[in-house]
Amino acid sequence: MSRRTTVVLGACALVLATAVAGEAWYLWGTASPTPTAHRPVVIGDIDAQSVVDDAAADAAVIFSTSWRRYDAHLTAVTSLMTSDMATRYRATAEPVRGKVLATRSNTVTRVAASGVVRADSGEVLALLFLDQRTSANGGPPSYAARRALVTMVHSDDGGWLVANVQTR
Amino acid sequence: MRRRTTVGLGAALTWRTHSDRADDATRQERYGAVLAAADSEVTAFVNMHYERASKSVDAVAAGATGDFRDHYVRSAAKVIRVLERNRSTMTGHVVWSGVTAISPTRATVIAATSGTVSNTRTGGAHEARDFRFRMTLAHEHGRWLTSNIEFVGAAR
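First to last, the sequence lines map onto chains A and B.
Everything in the first sequence is counted per the working numbering, starting at 1 for the first residue and increasing by one.
Everything in the second sequence is counted per the working numbering, starting at 1001 for the first residue and increasing by one.
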């Protein structure tokens, strides 16, 4: 084999190796997209909607309380949350326990509407419109129209947990 | 030979992946465009001033389409009279907005706003007002326009 042939074959091999490396980088080396204002949802429509549905179902359970089952409810709903969120929730729920029991309060929460605000494979922000009806001492229920931004995070076991709730 | 086959298969896979990513980018950008259009329309809707009533109404009409726009434009004179008579001022901003449903041609968005209202009934005082909106949008001539907007009240 002449020296010239060797150089040409070597060059071809180098080009092919570079092409393979370039393809590999494009296929596996680029990072997953992160949400921006321009592209706020970077997962599939069905995946995003599914997590928003989970957020709506969890919020309806978390914010529906009864004086009869207050402690059991607190234990049950914290399993829907991350440990940080559960700690914060307990810290806010326990101080109002006495008032809820004393006034025999029941709160029923329904989700009037829901939508995805931002989503990637690890975190989804869901906007929820919550209708809350609270009755105390057997009286007629009062109504509150609330708006909540619920942050859901992907847990290690593959499910989604409530990591934060903001209301305004 | 094996190396050339690897490159060929890789090229096909890369082309397919590139095509999928382009589709994903288009779909993902649709969310951003829909939310930007919805936020703009809701912002116009919750910012009205009796001294600039005509301009306020025009801002809403500019982002609207279909029956909603027709109805709004037909009612404009009445809306302006009510704003001026009551010396109404409404200010507000979008706190959060989210997509409920989306396709290449239609979308449904919900939006939460916070702001103030003042009029003759409040004695000119600015009272806090939070609203919940549901709106439908249609993609027309390269723009997302609002085809309906409604307040979300109590669910039955």
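Note that CB positions come from ideal geometry on N, CA and C, so glycine has one too.
- Item | Close Cβ partners of B/Thr1136 (< 6 Å) along its chain, the five nearest in sequence each way excluded | So the qualifying residues of the chain are Thr1108, Ser1147, Asn1148.
- Would you kindly work out how many angstroms separate the C-alpha atoms of A/Ser50 and B/Met1048, rounded to a whole number? The straight-line gap from Cα to Cα measures roughly 37 Å.
- Task: Drop a sphere of 10 angstroms on the beta-carbon of A/Tyr143, count the other beta-carbons inside from all chains shown, and report buried for 16 or more, exposed for fewer.
- Result: exposed
- Output yes if chain B places a C-beta closer than 9 Å to the C-beta of A/Trp129; else output no. Per the sequence presented here, residue 129 of chain A reads as Phe, with Trp not at that position. Closer than 9 Å to some Cβ of chain B, the Cβ of A/Phe129 qualifies, so yes.
- Query: For A/Phe129 versus B/Ala1101, is the C-beta spacing smaller than 9 Å?
  - Reply: no
- Task: Enumerate in chain order the residues of its own chain whose CB-to-CB distance from B/Asp1039 is below 8 Å, with the five nearest sequence positions on each side excluded.
- Result: Sequence-distant Cβ neighbours of B/Asp1039 in its own chain, meaning closer than 8 Å and more than five residues away, are Val1094, Ser1097, Ala1111.
- Contact set between the segment 1121-1133 of chain B and chain A, restricted to residues whose Cβ is under 8 Å from the partner: Asp1130, Arg1132
- Query: Within 9 Å (strictly less), CB to CB, does B/Ala1076 reach chain A?
  - Reply: no
- Query: If we cut at 9 Å on Cβ distances, does B/Glu1029 have a partner in chain A?
  - Reply: Residue-level contact check: B/Glu1029 touches chain A, since one or more beta carbons of chain A fall below 9 Å from its beta carbon.
- Query: In chain A, what lies closer than 8 Å to B/Ala1112 by C-beta?
  - Reply: Listed by position along chain A, the residues whose Cβ is nearer than 8 Å to that of B/Ala1112 are Leu127, Phe129, Arg147, Arg168.
- Beta-carbon separation of B/Phe1131 and B/Gly1115 under 9 Å? Contact flag set, yes.
- Query: Counting along the chain, where does the alpha helix (DSSP H) carrying A/Ala86 start and finish?
  - Reply: Bounds of the alpha helix (DSSP H) holding A/Ala86 are 83-102.
- Message: Quick check on the burial criterion: 16 or more other C-beta atoms within 10 angstroms. Buried or exposed for A/Pro140?
- Response: The residue in question, A/Pro140, is exposed, as its Cβ has fewer than 16 Cβ neighbours within 10 Å.
- Who does A/Phe129 pair with in a DSSP beta bridge? A/Ala113, A/Arg147
- Task: Kindly give me the distance between the Cβ atoms of A/His154 and A/Gly122, rounded to whole angstroms, as I take these residues to be in contact under 8 Å.
- Result: Contact between A/His154 and A/Gly122 holds: CB atoms are separated by about 5 Å, below the 8 Å threshold.
- Message: So A/Ile43 and A/Asp120 are supposed to be a Cβ contact under 8 Å. How far apart are they, rounded?
- Response: Confirmed, Cβ separation roughly 6 Å.
- Message: Using a Cβ distance threshold of 8 Å, determine whether the segment 99-106 of chain A contacts the segment 1005-1018 of chain B, with at least three qualifying pairs required.
- Response: no
- Check whether the Cβ of B/Gly1115 lies closer than 9 Å to any Cβ atom in chain A. With 9 Å as the cut-off, B/Gly1115 does not count as an interface residue toward chain A.
- Just the Cα atoms here: how many angstroms apart are A/Leu172 and B/Arg1074? A query on residue 172 of chain A cannot be resolved here, the shown segment of chain A reaching from 1 to 168 and no further.
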